[in-house]
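Visitor: One structure coming up, written as structure tokens, with questions to follow.
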Amino acid sequence: MILRLGQGSKQARTSSEYNNNVRSPQVETVISHTILLVQPTKRPEGRTYADYESVNECMEGVCKMYEEHLKRMNPNSPSITYDISQLFDFIDDLADLSCLVYRADTQTYQPYNKDWIKEKIYVLLRRQAQQAAK
């Protein structure tokens, strides 16, 4: 499924159908406008979205969202650490989490599900860890 948004429009809708997508061959991750759709609970009025200049920036936004959640859950802890499996559990516990990534070749937004998001986060964090080890 490819969603086409009107030119200049930032209107987007969340739907469970966004989570039933197959992977597209390759998505430009350097500069691809990305919309993150979040529904923390089953209550539809809790839906929010955020937009980012790139897929990587969006994945960092998901990590920050989890870190903010940890801060709220542990307000008296001076520092909080977590591993990727805890982050992935958090993602899985969200009622819905999807991305819409702009594809310049078709001028459409391609939807992606939680599994795709977790894969992109894994790649991003692995790359950051490798750079930190140098």
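Under full-length UniProt numbering, the letters of the sequence shown match residues 1 to 134, in that order.
From the three backbone atoms N, C-alpha and C, an ideal C-beta is built for every residue, glycine too.
Note the first and the last residue of the continuous beta strand (DSSP E) segment covering alanine 50.
Guide: The sequence position of residue 50 within the sequence shown is 50, counting from 1. Its beta strand (DSSP E) spans residues 48-52.
Visitor: Please state whether DSSP places threonine 29 in a helix, a strand or coil.
Guide: Indexing the sequence shown from 1 puts residue 29 at position 29. Unreliable placement is indicated for threonine 29, whose pLDDT of 45 sits below 50; the coordinate value is still reported in the next sentence. If DSSP states are grouped into helix, strand and coil, threonine 29 belongs with coil.
Visitor: Could you check which residue in Ser54, Ala95, Val62 has the C-alpha nearest to that of lysine 42?
Guide: Position 42 of the sequence shown holds residue 42. Per the Cα distances, Ala95.
Visitor: Verify whether the separation of the beta carbon atoms of threonine 34 and cysteine 58 is less than 8 Å.
Guide: For this step, residue 34 is matched to residue 34 along the sequence shown. For this step, residue 58 is matched to residue 58 along the sequence shown. Cβ atoms of threonine 34 and cysteine 58: closer than 8 Å.
Visitor: Which of helix, strand or coil does DSSP assign to proline 111?
Guide: Here residue 111 corresponds to residue number 111 of the sequence shown, with the count starting at 1. In this structure, proline 111 counts as strand in the three-state DSSP scheme.
Visitor: State the start and end residues of the unbroken alpha helix (DSSP H) segment that holds arginine 72.
Guide: Locating residue 72 in the sequence shown gives position 72, counting from the first residue. Per DSSP, arginine 72 belongs to the alpha helix (DSSP H) from 55-73.
Visitor: Under 8 Å by Cβ, that's how I've got threonine 48 and valine 55 pegged, so tell me the actual separation to the nearest angstrom.
Guide: Here residue 48 is taken as the residue at index 48 of the sequence shown, counted from 1. Here residue 55 is taken as the residue at index 55 of the sequence shown, counted from 1. No, threonine 48 and valine 55 are not in contact; Cβ-Cβ is about 19 Å, not under 8 Å.
Visitor: Report the residue from Ile31, Glu67, Tyr66 whose alpha carbon sits nearest the alpha carbon of tyrosine 52.
Guide: The count along the sequence shown starts at 1 and reaches residue 52 at position 52. Of Ile31, Glu67, Tyr66, the residue nearest in Cα terms is Ile31.
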